[in-house]
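So for the sequence shown, our numbering puts the first residue at 1; every next one is plus one. Written below as structure tokens is the structure these notes are about.
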Amino acid sequence: MASRGSVKASGNFNASADAEVLYKAMKGLGTDEDAILQLLTSRSNPQRHEIKTTYKTLYGKDLVDDLKGELGGKFETLIVGLMTAPLAYDVTSLRNAIKGAGTDEKVLVQILASRTPQQVKDIVVAYRQEYDDDLEEDISGDTSGHFKRLLVILLQANRQKGIQDGKIESDAQALFKAGEDKFGTDEQSFVTILGNRSAEHLRKVFDAYMKLSGFEMEETIKRETSGGLRDLLLAVVKCARSVPAYFAETLYYGMKGAGTDDDTLIRVMVTRSEVDMLDIRADFRRLFACSLHSMIKGDTGGDYRKALLLLCGGDDA
């Protein structure tokens, strides 16, 4: 399958030449931020990794440490993110979300709702290797209720494959009985069905649910649940419909209104730039009255903005 990323591997790649450009950009007085951001946003993640290895071979120094020493603020966070392998980036993001002061539920939701079952399995293994801790135990110790239960289900990464024709109608009925048709809400039904069925199957269930109840699944969740559970159920439903559309919305609401949620902006732009950024841009343009490019441009500044716009890869005005 052709990558739908905005960032592609460089065709005439030379790790030694790149390492030298970066070394010169940081050597002496002042830093050439422009040279750094132009280069790193036009290489793929494996190529950046190769540059890092070559840099150490040539100069006996750690490239990421040098970058951290020269850059600062959000721009530094973005560049260090680009230098991190995708799996390690997810693992570190989850660890920081759990181990920081208070739990950053948004990070747990965005990562665990959007990654494929195989990616989640890899995350669980890598987390144990990196921290000698069990991700499920860490998340369970930090969350509660049905929110915790759904996170634990997603961590099992055992979603059924394909569409179970015999179950579409009964799943829709069960969700209807658990929510709209009942005084109070039986959250467990939502958690079990939305956590365990495949995306293809869920899309059919959502159609059947709409016919049955007259409501979109998202409307029901907004009315019947609250807090972290509501956010997680909505993310699961939106990702079942379309992962790029989910991220387009995440970016939009991260920038809309007063203040920018830079953590989210950086995390999505770094993790999706080589996966489905072209689709995210198309969905963004379809869903909102502006392009992703124009919104980033209006909401950020400096080298940070330049790098983000290069990751975005173009304007869909």
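We put the CB at the ideal spot given by N, CA and C, even for glycine. Predicted, not measured: the structure shown is a model, and the values here were computed from it.
Whole-angstrom distance between residue j and residue i, CA atom to CA atom
| i | j | result |
| --- | --- | --- |
| residue 170 | residue 218 | 19 Å |
| residue 184 | residue 38 | 54 Å |
| residue 94 | residue 121 | 14 Å |
| residue 157 | residue 60 | 41 Å |
| residue 43 | residue 7 | 7 Å |
| residue 100 | residue 268 | 20 Å |
| residue 92 | residue 111 | 11 Å |
| residue 143 | residue 227 | 12 Å |
| residue 266 | residue 114 | 16 Å |
| residue 21 | residue 168 | 57 Å |
| residue 147 | residue 182 | 20 Å |
| residue 159 | residue 172 | 17 Å |
| residue 249 | residue 286 | 11 Å |
| residue 139 | residue 12 | 43 Å |
| residue 83 | residue 36 | 12 Å |
| residue 280 | residue 213 | 30 Å |
Sequence-distant residues of the same chain with beta carbon closer than 7 Å to residue i, five excluded per side
| i | result |
| --- | --- |
| residue 189 | 174, 175, 178 |
| residue 288 | 252 |
| residue 68 | 76, 80 |
| residue 66 | 26 |
| residue 191 | 146, 149, 150, 153 |
Check whether residue i and residue j have beta carbons under 8 Å apart
| i | j | result |
| --- | --- | --- |
| residue 284 | residue 292 | yes |
| residue 232 | residue 155 | no |
| residue 210 | residue 255 | no |
| residue 87 | residue 97 | no |
| residue 90 | residue 123 | yes |
| residue 10 | residue 274 | no |
| residue 180 | residue 215 | yes |
Same chain, Cβ closer than 8 Å to residue i, five either side skipped, listed in chain order
| i | result |
| --- | --- |
| residue 133 | 127 |
| residue 34 | 303, 306 |
| residue 230 | 221, 222 |
| residue 31 | 25, 70, 71 |
Nearest-angstrom beta carbon gap, residue j and residue i [assumed within contact, 8 Å]
| i | j | result |
| --- | --- | --- |
| residue 198 | residue 221 | Rounded, the Cβ-Cβ distance is 19 Å, inconsistent with contact. |
| residue 106 | residue 264 | 7 Å |
| residue 152 | residue 130 | The Cβ separation is near 20 Å, so there is no contact. |
| residue 51 | residue 63 | 7 Å |
| residue 270 | residue 145 | At roughly 31 Å, the Cβ-Cβ gap does not stay under 8 Å, so residue 270 and residue 145 are not in contact. |
| residue 194 | residue 237 | 7 Å |
| residue 41 | residue 234 | No, residue 41 and residue 234 are not in contact; Cβ-Cβ is about 31 Å, not under 8 Å. |
| residue 19 | residue 54 | 5 Å |
| residue 74 | residue 262 | 5 Å |
Status (buried if at least 16 other CB within 10 Å, exposed otherwise) for residue i
| i | result |
| --- | --- |
| residue 207 | exposed |
| residue 298 | exposed |
| residue 125 | exposed |
| residue 317 | exposed |
| residue 28 | exposed |
| residue 15 | buried |
| residue 17 | exposed |
| residue 56 | exposed |
| residue 58 | exposed |
Same chain, Cβ closer than 6 Å to residue i, neighbours up to 5 away in sequence not counted
| i | result |
| --- | --- |
| residue 202 | 240 |
| residue 315 | 291, 293 |
| residue 224 | 179, 185 |
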